[in-house]
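Undergrad: Chains as they are written, first to last, in numbering that gives the first Met the number 0: chain A, 0 to 457; chain B, 0 to 457.
A virtual CB, placed ideally from N, CA and C, is assigned to each residue, including glycine.
Provided herewith is a single structure, encoded as structure tokens, for subsequent inquiry.
Number of protein chains: 2
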Amino acid sequence: MLGEIGLKVLWPEARALYKSAGAEVEEGEERVRFDPDLIEELVAKAPSKITLRSRNPVHDITFGEGRVVFATVGGPPNVSDLERGRRPGSAEALADFVKLAQSFDVIHVIGAPAEPVEVPLNVRHLEIARIYLTLSEKAPFFYSRGPQALADAVEMMRIARGIDEARLLAEPSCYTVVNMNSPLQLDVPMSQGIIDMARLGQVTIVTPFTLAGAMAPITIAGALAQQNAEALAGIALSQIVRPGAPVVYGGFTSNVDMKSGAPAFGTPEYTQAALAGGQLARRYGLPYRSSNTTASNAPDAQAAYESEMSLWGALMGGCNFLLHGAGWLEGGLTSSYEKFILDVEMLQMMAAFFRPPPVDEASLGLAAVREVGPGGHYFGAAHTLERYEDAFYAPLVSDWRNFETWEEDGARDATTRANRLWKETLARYEPPAMDPAVAEELDAFVARRTEEGGAEVA
Amino acid sequence: MLGEIGLKVLWPEARALYKSAGAEVEEGEERVRFDPDLIEELVAKAPSKITLRSRNPVHDITFGEGRVVFATVGGPPNVSDLERGRRPGSAEALADFVKLAQSFDVIHVIGAPAEPVEVPLNVRHLEIARIYLTLSEKAPFFYSRGPQALADAVEMMRIARGIDEARLLAEPSCYTVVNMNSPLQLDVPMSQGIIDMARLGQVTIVTPFTLAGAMAPITIAGALAQQNAEALAGIALSQIVRPGAPVVYGGFTSNVDMKSGAPAFGTPEYTQAALAGGQLARRYGLPYRSSNTTASNAPDAQAAYESEMSLWGALMGGCNFLLHGAGWLEGGLTSSYEKFILDVEMLQMMAAFFRPPPVDEASLGLAAVREVGPGGHYFGAAHTLERYEDAFYAPLVSDWRNFETWEEDGARDATTRANRLWKETLARYEPPAMDPAVAEELDAFVARRTEEGGAEVA
Chain A
0 MLGEIGLKVL
10 WPEARALYKS
20 AGAEVEEGEE
30 RVRFDPDLIE
40 ELVAKAPSKI
50 TLRSRNPVHD
60 ITFGEGRVVF
70 ATVGGPPNVS
80 DLERGRRPGS
90 AEALADFVKL
100 AQSFDVIHVI
110 GAPAEPVEVP
120 LNVRHLEIAR
130 IYLTLSEKAP
140 FFYSRGPQAL
150 ADAVEMMRIA
160 RGIDEARLLA
170 EPSCYTVVNM
180 NSPLQLDVPM
190 SQGIIDMARL
200 GQVTIVTPFT
210 LAGAMAPITI
220 AGALAQQNAE
230 ALAGIALSQI
240 VRPGAPVVYG
250 GFTSNVDMKS
260 GAPAFGTPEY
270 TQAALAGGQL
280 ARRYGLPYRS
290 SNTTASNAPD
300 AQAAYESEMS
310 LWGALMGGCN
320 FLLHGAGWLE
330 GGLTSSYEKF
340 ILDVEMLQMM
350 AAFFRPPPVD
360 EASLGLAAVR
370 EVGPGGHYFG
380 AAHTLERYED
390 AFYAPLVSDW
400 RNFETWEEDG
410 ARDATTRANR
420 LWKETLARYE
430 PPAMDPAVAE
440 ELDAFVARRT
450 EEGGAEVA
Chain B
0 MLGEIGLKVL
10 WPEARALYKS
20 AGAEVEEGEE
30 RVRFDPDLIE
40 ELVAKAPSKI
50 TLRSRNPVHD
60 ITFGEGRVVF
70 ATVGGPPNVS
80 DLERGRRPGS
90 AEALADFVKL
100 AQSFDVIHVI
110 GAPAEPVEVP
120 LNVRHLEIAR
130 IYLTLSEKAP
140 FFYSRGPQAL
150 ADAVEMMRIA
160 RGIDEARLLA
170 EPSCYTVVNM
180 NSPLQLDVPM
190 SQGIIDMARL
200 GQVTIVTPFT
210 LAGAMAPITI
220 AGALAQQNAE
230 ALAGIALSQI
240 VRPGAPVVYG
250 GFTSNVDMKS
260 GAPAFGTPEY
270 TQAALAGGQL
280 ARRYGLPYRS
290 SNTTASNAPD
300 AQAAYESEMS
310 LWGALMGGCN
320 FLLHGAGWLE
330 GGLTSSYEKF
340 ILDVEMLQMM
350 AAFFRPPPVD
360 EASLGLAAVR
370 EVGPGGHYFG
380 AAHTLERYED
390 AFYAPLVSDW
400 RNFETWEEDG
410 ARDATTRANR
420 LWKETLARYE
430 PPAMDPAVAE
440 ELDAFVARRT
450 EEGGAEVA
């Protein structure tokens, strides 16, 4: 695919970089073709494991090589909750989701959970970064919407961490996602994103958006083949700019409803692709990004079972970076407050599931079986009393009470309970401590850049 | 466990059978102890694969050795739906669930989806069997509530199939579930169930109900060790009665809420146990039974994610017989009409997920990528047009329409859509054809046995 058909690269600088590394460039067609060995050679320079640093080292996290991190949803233009319904994103909503992300340990990384649409585009990146960096300590996502905006955001990350540029270059502290313009095309802002993040030493997740039947062949094998070609071509660009730049192999192969053309998520085909995507990433020794998705319009049973199909595909597939881990609804067009809480529960359950249970003489419990004997009961056994406090996962949303007790208490379903839980979580939230000098420097930077007119964004 | 502590067996006939095979019996304590080699020797006689025959050979199904069948929920005393709420089971509700089971191809086997509580106990087994055998062609579950009731039900199965006793003995056509009285106890009706079904050549699923922290050690390793001991002891009894009798290794290890003692299902620990249970069953070359469970009181998001955790544990664990596949709610105390439909969707998705996608030159689709080219679209490609009709799983409940269309159409959530779907399915249902002579013979049998006073049940 990359050798014969090649990648269409819209930005001349990117084509020049590919050419400098030995790719064959056909300028008129804006086409770049690759020798398979060249791609493999470039991709082999990327690290298999990445540590994202936080402004609080407690939240430094490593992913790749069998370790996985969970991020919030990223990118929805809308937000919704049970009372206020669906509406465009806002700075207030973004702040809410960042506070929720900070509040749950199972969320390791911030996505872009809401878009503050009321903030002018030229300074929006500054406001987004300020919200991330003051309300949370977890590593943030920055949009690739142009070199100046990205540079501003990364500079704010540097200020928040209180380190110099050389150290930031060596210590990735934020990430972006570059979606290839499938099939086989890389546009200007996406090329710039890969190039700029590699130069700044920050993480790029290269994710082809290969919907089988629309932007990729209708077969899972074909869509995965195209995903693989596109991901490798993007990753190669990062390694041309800076060998060893932290980069992630992203998979997002799903299918469309062939009657309506609507994208579908968390389908059986999606799950197969999520699993096989992990095999491909491991083939190249790269960290693998997958997602927690659903096409449901409501935080309901469909949202739950499609998310579970996505999660199992991702995590059994060896996913290292789970984007859209919490909050994604409606094919990614809405961040749902209730879905965020339901997802936290599902993620916590998966984390507990992946913790290997002890298997040794004590846990096998023959002495307890002897003590209790046939027909007995274990509630009072010594083996039970020693372990009961943290023997099992304690749920967040799930209600295990009997029907009568549950009914007398209002017969609330899981979504209604999730509504109460996000409100309680926001009410309890306290911002993480920040050195006042750092806060001042951040504010001063935002003020100065705003005065300078902000940034031109794509 | 079986060698030193042993199994308490309440029925003298069962103890005598164990003794006849070489087990050590302590009569005063009603205790049976086993040499490990004896257990392994007996268990090795059981088949690794079983075919359940239907009165319509189209519905004959084989499970074991990598093949799995899905059954409805079995055993709940209550039923519920969105309009009528929760209420005790009835013959009408049982008929509804059997009709639903007959209507969906992904359901292979009938459980005991509702209890016709208005039918007197002495003749209830006759009415249940008549409902199963006239409204469905799928292999049914019969309760072990006493030898006469079981014999009556199996005789009705024989009549429905129109075969003689010798052939029924060689061709299992129904099944029962024997729950061990954990820890390490086997009561009279359960012993009788194992013995009678082995004598009749029908299938017994031996399932210890090992809730960690209550009826089994609080550790997953300990609960599984006890599950294994109990399952093997029950299976051994069937093989003493009739070597080669069709029998299934059942796993049902879960945990309880240590605060309230309430059983929990579809938890991380449940999923671990479901996976490991499959490893144990394969260790002995036995078909493995697992379940689709939830503790939720409503057919909501919790019901969906707990069911998915159960399904993934079961199916990644190599489950061969999935009991409670559709309809289970509230820890098994209620059969829900809406949950049945949601479960059918989840089962269908799993079935589609397990179908390996083709990987060959045609499916890799390089020609399609060449035809479409960078930046193009696959909707009109020849590769797409050849395959679009059945390329992807078509959902039953899931709504993939965009938000606006969905909202204008009533903004129904998945549970509300499931409510409409079971009603439509029942409205469309037509009973499968039955030879009038067979129907007459069944009715005559029921009339005669009713006149004789039915059966004494446990």
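Quick check: does the Cβ of residue 274 of chain B come within less than 7 Å of any heavy atom belonging to the ligand ZN?
TA: Looking for the ligand ZN in the displayed structure turns up nothing, as the structure carries no ligands at all.
Undergrad: Could you give the DSSP three-state label for residue 259 of chain B: helix, strand or coil?
TA: Residue 259 of chain B: coil per DSSP, three-state reduction.
Undergrad: Listing by chain order, which chain A residues have their CB less than 9 Å from the CB of residue 6 of chain B?
TA: Within chain A, the residues near residue 6 of chain B are 373.
Undergrad: Mind checking if residue 62 of chain A is an interface residue toward chain B, Cβ cutoff 8 Å exclusive?
TA: Residue 62 of chain A does not count as touching chain B.
Undergrad: Taking one C-beta from the region 355-369 of chain A and one from the region 209-228 of chain B each time, how about it: are there three or more such pairs within less than 8 Å?
TA: A contact exists between the region 355-369 of chain A and the region 209-228 of chain B.
Undergrad: So what does DSSP say about residue 292 of chain B, is it helix, strand or coil?
TA: Coil at residue 292 of chain B, not helix or strand.
Undergrad: Do you know offhand how far residue 260 of chain B's Cα is from residue 289 of chain A's?
TA: Distance between the alpha carbons of residue 260 of chain B and residue 289 of chain A is about 38 Å.
Undergrad: With a CB to CB cut of under 6 Å and the five nearest residues on each side skipped, what residues in its chain are close to residue 336 of chain A?
TA: Taken in chain order, the residues that qualify are 80 and 421.
Undergrad: Run the CB neighbour count on residue 383 of chain A, radius 10 Å, all protein chains shown included, and call it buried at 16 or more, exposed below.
TA: Counting Cβ neighbours within 10 Å, residue 383 of chain A comes out buried, since at least 16 surround it.
Undergrad: To test your reading of the DSSP string, which unbroken alpha helix (DSSP H) runs of 4 or more residues are found completely within the region 194-267 of chain A?
TA: The region 194-267 of chain A contains these whole alpha helix (DSSP H) runs: 219-240.
Undergrad: In chain A, which residues lie with their C-beta within 8 Å of the C-beta of residue 85 of chain B?
TA: Those are 402, listed as they occur along chain A.
Undergrad: Between residue 247 of chain A and residue 188 of chain A, how many whole angstroms is the CB-CB distance? I'm expecting something under 8 Å.
TA: Residue 247 of chain A to residue 188 of chain A, Cβ: 18 Å. No contact.
Undergrad: At a CB-CB cut-off below 9 Å, which residues of chain A make contact with residue 268 of chain B?
TA: Simply 351, 352, 356, 390, 391 and 392.
Undergrad: Is residue 377 of chain B close to chain A, meaning its C-beta is less than 8 Å from at least one C-beta of that chain?
TA: So, interface residue.
Undergrad: Return no unless some Cβ of chain B is closer than 8 Å to the Cβ of residue 68 of chain A.
TA: Chain B contact via Cβ: absent.
Undergrad: Runs of 4 residues minimum, wholly inside the region 376-445 of chain B: which ones carry the alpha helix (DSSP H) assignment?
TA: DSSP runs (the alpha helix (DSSP H)) wholly in the region 376-445 of chain B: 381-384, 402-407 and 413-427.
Undergrad: Is the beta carbon of residue 305 of chain B less than 8 Å from the beta carbon of residue 294 of chain B?
TA: Going by C-beta atoms, residue 305 of chain B is nearer than 8 Å to residue 294 of chain B.
Undergrad: Contact check, residue 535 of chain A vs residue 330 of chain A under 8 Å by CB: the rounded distance?
TA: Within the shown structure, residues of chain A are numbered from 0 to 457, placing residue 535 of chain A beyond reach of any answer.
Undergrad: Thinking C-alpha only, which one of B:36, B:105 and B:390 is nearest residue 255 of chain A?
TA: Checking every option, the nearest Cα to that of residue 255 of chain A belongs to B:390.
Undergrad: Counting only C-beta atoms, is residue 184 of chain B closer than 8 Å to chain D at any point?
TA: Going by chain labels, chain D is absent from the structure shown, which instead holds the protein chains A and B.
Undergrad: Here's the rule: buried if 16 or more other CB atoms are within 10 angstroms of the residue's CB, otherwise exposed. What is residue 181 of chain B?
TA: Burial call: buried.
Undergrad: Quick check on this structure: which residue in B:148, B:68, B:54 and B:129 has the alpha carbon closest to the alpha carbon of residue 453 of chain B?
TA: Minimum Cα distance to residue 453 of chain B is reached at B:148.
Undergrad: So for residue 104 of chain A, helix, strand or coil by DSSP?
TA: In the structure shown, residue 104 of chain A sits in coil (DSSP, three-state: anything other than H, G, I, E or B).
Undergrad: If you measure beta-carbon to beta-carbon, which residues of the region 201-216 of chain A are closer than 8 Å to chain B?
TA: Result list: 211, 212, 213, 214, 215 and 216.
Undergrad: Give me, in chain order, the residues of the same chain whose beta-carbon lies closer than 6 Å to that of residue 213 of chain A; leave out the 5 immediate sequence neighbours on both sides.
TA: Only 255 meet the Cβ criterion.
Undergrad: Give me the chain A residues within the contact set of residue 298 of chain B, using Cβ-Cβ distance strictly less than 8 Å, ordered along the chain.
TA: Ordered by position in chain A, the residues that pass the 8 Å Cβ test against residue 298 of chain B are 300.
Undergrad: Quick check on residue 261 of chain A - is its C-beta less than 8 Å from some C-beta in chain B?
TA: Yes, residue 261 of chain A counts as interfacial toward chain B.
Undergrad: Measure the Cβ-Cβ separation of residue 417 of chain A and residue 341 of chain A and say whether it is below 8 Å.
TA: Yes. Within cutoff.
Undergrad: For residue 54 of chain A and residue 317 of chain A, what's the separation of their Cα atoms in angstroms?
TA: Cα-Cα distance, rounded: 28 Å.
Undergrad: Once DSSP output is grouped into helix, strand and coil, what is the label at residue 182 of chain A?
TA: Correct three-state label for residue 182 of chain A: coil.
Undergrad: Are the CB atoms of residue 346 of chain B and residue 108 of chain B within a distance shorter than 8 Å?
TA: Not in contact: residue 108 of chain B and residue 346 of chain B (Cβ atoms no closer than 8 Å).
Undergrad: Step through the CB atoms of chain B and report whether any lies within less than 8 Å of the CB of residue 468 of chain A.
TA: As displayed, chain A neither begins before 0 nor continues past 457, which places residue 468 of chain A out of reach and without an answer.
Undergrad: Would you mind telling me which residues of chain B sit closer than 7 Å to residue 221 of chain A, beta carbon to beta carbon, in chain order?
TA: Ordered by position in chain B, the residues that pass the 7 Å Cβ test against residue 221 of chain A are 362, 363, 364 and 367.
Undergrad: If we cut at 8 Å on Cβ distances, does residue 305 of chain B have a partner in chain A?
TA: True, the Cβ-Cβ gap to chain A drops below 8 Å.
Undergrad: Would the region 203-213 of chain A and the region 26-40 of chain A be scored as touching if the rule is three or more Cβ pairs under 8 Å?
TA: At 8 Å Cβ cutoff, the stretches do not touch.
Undergrad: What separation, rounded to the nearest whole angstrom, lies between the Cα atoms of residue 135 of chain A and residue 387 of chain B?
TA: Near 46 Å, if we compare the C-alpha coordinates of residue 387 of chain B and residue 135 of chain A.
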